[in-house]
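K.L.:
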Amino acid sequence: VQLQASGGGVVQAGGSLRLSCAASGRIFTIYEMYWYRQGPGKQRELVASISDARINYADSVKGRFTITRDNAKNIMVYLQMNSLKPEDTGVYYCAAGRLDSSDQSWGQGTLVTVSS
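FYI, in my numbering the residues of the sequence shown are 135 to 250.
(1) Beta strand (DSSP E) containing Ser-140: first to last residue?
(2) Would you call Ser-183 buried or exposed, if buried means 16 or more other Cβ atoms sit within 10 Å of its Cβ?
(3) Could you check which residue in Cys-155, Ile-189, Thr-247 and Leu-233 has the C-alpha nearest to that of Tyr-227?
(4) Taking its Cβ as the centre, do 16 or more other Cβ atoms sit within 10 Å of Tyr-78, making it buried, or is it exposed?
(5) Tell me whether Ile-189 is buried or exposed, calling it buried when 16 or more other Cβ atoms sit within 10 Å of its Cβ.
(6) What first and last residue would you give for the beta strand (DSSP E) that runs through Ser-183?
(7) Give me whichever residues DSSP pairs with Phe-199 in a beta bridge.
(8) Note down the Cα distance separating Ala-206 from Gly-149, rounded to an integer number of angstroms.
(9) Excluding sequence positions up to five away, which residues of its chain have a Cβ less than 6 Å from the Cβ of Gln-214?
(10) For Thr-247, which three-state DSSP category applies?
(11) Please list, in chain order, all residues of the same chain as Gln-136 whose beta carbon is under 8 Å from its beta carbon, the five residues on each side excluded.
(12) Who does Gln-172 pair with in a DSSP beta bridge?
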């Protein structure tokens with residue numbers, strides 16, 4: 135499975151961005167998709183996840199971020215980020231949980247910078 139994330143950029147506090155993640159390859163093995171982020175000097179944290187059965191969000195983004203998935207062709211996963219705060223700044227990564235591996239597949243990160 136290959137993952138390609140895009141959509142990062144610089145935005146002022148209160149603004150919005152939409153991140154996209156395109157999955158290719160053995161996508162039939164994917165059972166769950168994730169967005170993680172890593173802020174400056176911080177550990178990587180799970181922001182949101184989506185599967186057929188559930189959607190979960192970190193408490194810090196509930197009500198502001200929305201994760202969606204489009205299975206029409208390949209798998210696309212989006213993270214709509216509204217009311218952005220400076221503390222949302224970081225590198226955002228998409229990842230996939232796979233039925234054929236105990237390891238997640240990871241995409242390259244996309245940088246989100248929220249200025250105050």
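Beta carbons: idealized from backbone N, C-alpha and C, even for Gly.
Quick caveat, the model's predicted, so the values are computed rather than measured.
P.N.:
Walking through what the data contain:
(1) Where Ser-140 is concerned, the enclosing beta strand (DSSP E) stretches over 136 to 140.
(2) It is buried - the Cβ of Ser-183 has at least 16 other Cβ atoms within 10 Å.
(3) Nearest of Cys-155, Ile-189, Thr-247 and Leu-233 to Tyr-227, Cα basis: Cys-155.
(4) In the structure as shown, the chain begins at 135 and stops at 250. Residue 78 is therefore absent and cannot be evaluated.
(5) Label assigned to Ile-189: exposed.
(6) Here the beta strand (DSSP E) through Ser-183 covers 179 to 185.
(7) Looking at the DSSP assignment, Phe-199 forms a beta bridge with Met-215.
(8) Answer to the nearest angstrom: the Cα atoms are 29 Å apart.
(9) Residues Arg-152 and Thr-200 of the same chain have their beta carbon placed closer than 6 Å to that of Gln-214, with the five preceding and five following residues left out of the count.
(10) Here Thr-247 sits in strand by DSSP.
(11) Ala-157, Ser-158, Gly-159, Ser-239 and Gly-241, listed in sequence order.
(12) According to DSSP, which records beta bridges pairwise, Gln-172 is partnered with Val-225.
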